[in-house]
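The next block holds one structure in the form of structure tokens; read it before the comments.
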Amino acid sequence: MDRRYALRRAFAVPAMAVLLLALAFLAPSCGPGGGEEGGGGSEVRIESREDVDALLEDLDAAMDSVDADDFSDDKLSDGELGLE
Amino acid sequence: MRRSCIIAGALVIAMALMTTAAWAQEEQPGQEEGPLQQRLEQRWEMIRQRIELVITRFENNEERHARAYEKVKGKVEAFLEEMSAKGYDVSKLSQDLATWDGMFEEFSRDYAAFVDKLEEIAGLTPEQAKGRLMSLIKEARGLLRTVRQDVLDIRLFYQQTIRADIQELRNQVPEAA
Numbered sequence: 001m002d003r004r005y006a007l008r009r010a011f012a013v014p015a016m017a018v019l020l021l022a023l024a025f026l027a028p029s030c031g032p033g034g035g036e037e038g039g040g041g042s043e044v045r046i047e048s049r050e051d052v053d054a055l056l057e058d059l060d061a062a063m064d065s066v067d068a069d070d071f072s073d074d075k076l077s078d079g080e081l082g083l084e
Numbered sequence: 085m086r087r088s089c090i091i092a093g094a095l096v097i098a099m100a101l102m103t104t105a106a107w108a109q110e111e112q113p114g115q116e117e118g119p120l121q122q123r124l125e126q127r128w129e130m131i132r133q134r135i136e137l138v139i140t141r142f143e144n145n146e147e148r149h150a151r152a153y154e155k156v157k158g159k160v161e162a163f164l165e166e167m168s169a170k171g172y173d174v175s176k177l178s179q180d181l182a183t184w185d186g187m188f189e190e191f192s193r194d195y196a197a198f199v200d201k202l203e204e205i206a207g208l209t210p211e212q213a214k215g216r217l218m219s220l221i222k223e224a225r226g227l228l229r230t231v232r233q234d235v236l237d238i239r240l241f242y243q244q245t246i247r248a249d250i251q252e253l254r255n256q257v258p259e260a261a
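Protein chains in written order, with the numbering used here: chain A, 1 to 84; chain B, 85 to 261.
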């Protein structure tokens, strides 16, 4: 009986650890803010001018997150290509 | 007599050795083609790897841009639907959004042409690279400038047109009580 109890306990501890780890990984991806914010499925509710202001702020931030200099000449310079 | 024979023999041997060394030196340019060729191939391989690295960086940048544009476009479309459902006149924004969409497609096309060019360069053999590398890089740089201009156009159109359309609609929304 003691042996069976010890065996059960030996399995229970790692199983519980695995379960907790799985929950820890699942929680952020299932929440309302989880996962990557994609372009599709955007929901916009406009009840007042403030809602439009908030939307504009959001759009400005997204547009500012990228820069034309990501494609500037120096990204393809002789130095970058090892031609110097 | 014996001594002079030994000296003469030593001289003959020394001359023979010098002649052999001279022949060996004369043959070197031909023999050096191997190591020289090898060095050129190694150098080309290094450049090719740098080009692959540059392509990966550009791919990451393009993905970030495409994601940002997709997000903005999705939100503007949702705003347009919401305002249209509420009875606002969204025809100007709708028209401008279609124009903007065309700009995204242009960016996508021009970017694809640019990366194709870089991949063409990376696919060259060392012999082909010798004659064509610099002209192909020049072409790639021209295509890169077009891509950058597309990005600037997209940004400018957002600031001057799309944003202005949204603000115009905003001003029609009654102020909160």
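Virtual Cβ for every residue (Gly too), placed ideally from N, Cα, C.
*Could you pull the start and end residues of the alpha helix (DSSP H) that Lys-201 of chain B belongs to?*
As a working mapping, residue 201 of chain B is identified with position 117 in the second sequence. First-last of the alpha helix (DSSP H) with Lys-201 of chain B: 175 to 206.
*According to the neighbour-count rule (16 or more other Cβ atoms, all chains shown, within 10 Å of its Cβ), is Arg-232 of chain B buried or exposed?*
Counting from 1 along the second sequence, the entry for residue 232 of chain B is found at position 148. Its Cβ being crowded by 16 or more others within 10 Å, Arg-232 of chain B is buried.
*With distances taken between CB atoms, is the gap from Tyr-242 of chain B to Met-63 of chain A smaller than 8 Å?*
Taking the second sequence and counting its residues from 1, one reaches residue 242 of chain B at position 158. Taking the first sequence and counting its residues from 1, one reaches residue 63 of chain A at position 63. Yes, these two residues count as a Cβ contact at 8 Å.
*Where does Ile-135 of chain B sit, in a helix, a strand or coil, going by DSSP?*
The count along the second sequence starts at 1 and reaches residue 135 of chain B at position 51. Helix, per DSSP.
_Limits of the alpha helix (DSSP H) - the one that Lys-222 of chain B falls within_ = If you number the second sequence from 1, residue 222 of chain B lands on position 138. Unbroken alpha helix (DSSP H) run through Lys-222 of chain B: 210 to 241.
*The alpha helix (DSSP H) spanning Asp-58 of chain A covers which residue range?*
By one-based count along the first sequence, residue 58 of chain A stands at place 58. Where Asp-58 of chain A is concerned, the enclosing alpha helix (DSSP H) stretches over 49 to 64.
*Glu-110 of chain B, DSSP secondary structure in three states*: For this step, residue 110 of chain B is matched to residue 26 along the second sequence. The pLDDT assigned to Glu-110 of chain B is 46, lower than 50, so where the model puts this residue is not dependable; a value taken from the coordinates is nonetheless given after this. DSSP, read as helix, strand or coil, puts Glu-110 of chain B in helix.
*May I ask you to verify whether the stretch 251 to 261 of chain B touches the stretch 224 to 240 of chain B, counting CB pairs closer than 8 Å and requiring at least 3?*
Put simply, the stretch 251 to 261 of chain B does not touch the stretch 224 to 240 of chain B. Fewer than three CB pairs are less than 8 Å apart.
*Nearest-angstrom beta carbon gap, Glu-204 of chain B and Ile-46 of chain A [assumed within contact, 8 Å]*: The count along the first sequence starts at 1 and reaches residue 46 of chain A at position 46. The count along the second sequence starts at 1 and reaches residue 204 of chain B at position 120. The Cβ separation is near 48 Å, so there is no contact.
*Tell me whether Asn-144 of chain B sits in a helix, a strand or coil according to DSSP, three-state version.*
The residue you call residue 144 of chain B lines up with position 60 of the second sequence. Asn-144 of chain B: helix per DSSP, three-state reduction.
*asked:* Taking CB distances under 8 Å as the criterion, tell me whether Ala-54 of chain A reaches chain B.
replied: The residue you call residue 54 of chain A lines up with position 54 of the first sequence. So no, Ala-54 of chain A is outside the interface.
*Nearest-angstrom Cα separation, counted from Leu-181 of chain B out to Val-235 of chain B*: In the second sequence, the residue the question calls residue 235 of chain B occupies position 151. In the second sequence, the residue the question calls residue 181 of chain B occupies position 97. One C-alpha to the other measures close to 16 Å.
*With a threshold of 16 other CB atoms inside 10 Å of the CB of Asn-69 of chain B, please say whether the residue is buried or exposed.*
In this structure chain B extends from 85 to 261, so residue 69 of chain B is not present and cannot be described.
*Whose C-beta lies closer than 8 Å to the C-beta of Glu-36 of chain A among residues of the same chain, with five residues either side of it excluded?*
The residue labelled residue 36 of chain A in the question sits at position 36 within the first sequence. Confidence at Glu-36 of chain A is low in this model, with a pLDDT of 42, below 50, so its placement is unreliable and no value can be given for it.
*Residue span of the alpha helix (DSSP H) that contains Ala-248 of chain B, given as start and end*: Working through the second sequence from its first residue, we reach residue 248 of chain B at position 164. Taken as a continuous stretch (DSSP letters only), the alpha helix (DSSP H) holding Ala-248 of chain B covers 247 to 254.
*asked:* Between Leu-202 of chain B and Val-138 of chain B, how many whole angstroms is the CB-CB distance? I'm expecting something under 8 Å.
replied: As a first step, residue 202 of chain B must be located in the second sequence, where it is residue number 118. As a first step, residue 138 of chain B must be located in the second sequence, where it is residue number 54. Contact flag correct, Cβ pair sits at about 7 Å.
*Closest to Glu-125 of chain B by CA distance: which of B:Glu-161, B:Leu-220, B:Ile-238, B:Ala-213 is it?*
If you number the second sequence from 1, residue 125 of chain B lands on position 41. The residue with the shortest Cα to Cα distance from Glu-125 of chain B is B:Ala-213.
*Give the straight-line distance between the Cα atoms of Pro-113 of chain B and Arg-123 of chain B, rounded to the nearest whole angstrom.*
Locating residue 113 of chain B in the second sequence gives position 29, counting from the first residue. Locating residue 123 of chain B in the second sequence gives position 39, counting from the first residue. Low confidence applies here, because Pro-113 of chain B scores a pLDDT of 48, under 50, leaving its location unreliable; read the following figure in that light. C-alpha separation (whole angstroms): 15 Å.
*Taking DSSP as the reference, what is the three-state secondary structure of Asp-70 of chain A?*
Residue 70 of chain A sits at position 70 when you count from the first residue of the first sequence. In the structure shown, Asp-70 of chain A sits in a helix (DSSP, three-state: H, G or I).
*Between Leu-164 of chain B and Leu-59 of chain A, what straight-line distance do the alpha-carbon atoms span, to the nearest angstrom?*
Locating residue 164 of chain B in the second sequence gives position 80, counting from the first residue. Locating residue 59 of chain A in the first sequence gives position 59, counting from the first residue. Near 14 Å, if we compare the C-alpha coordinates of Leu-59 of chain A and Leu-164 of chain B.
*Beta carbon proximity, Met-130 of chain B to chain A, threshold 8 Å*: Position 46 of the second sequence, counting from 1, holds the residue named residue 130 of chain B. Yes - at least one Cβ of chain A is within 8 Å of the one on Met-130 of chain B.
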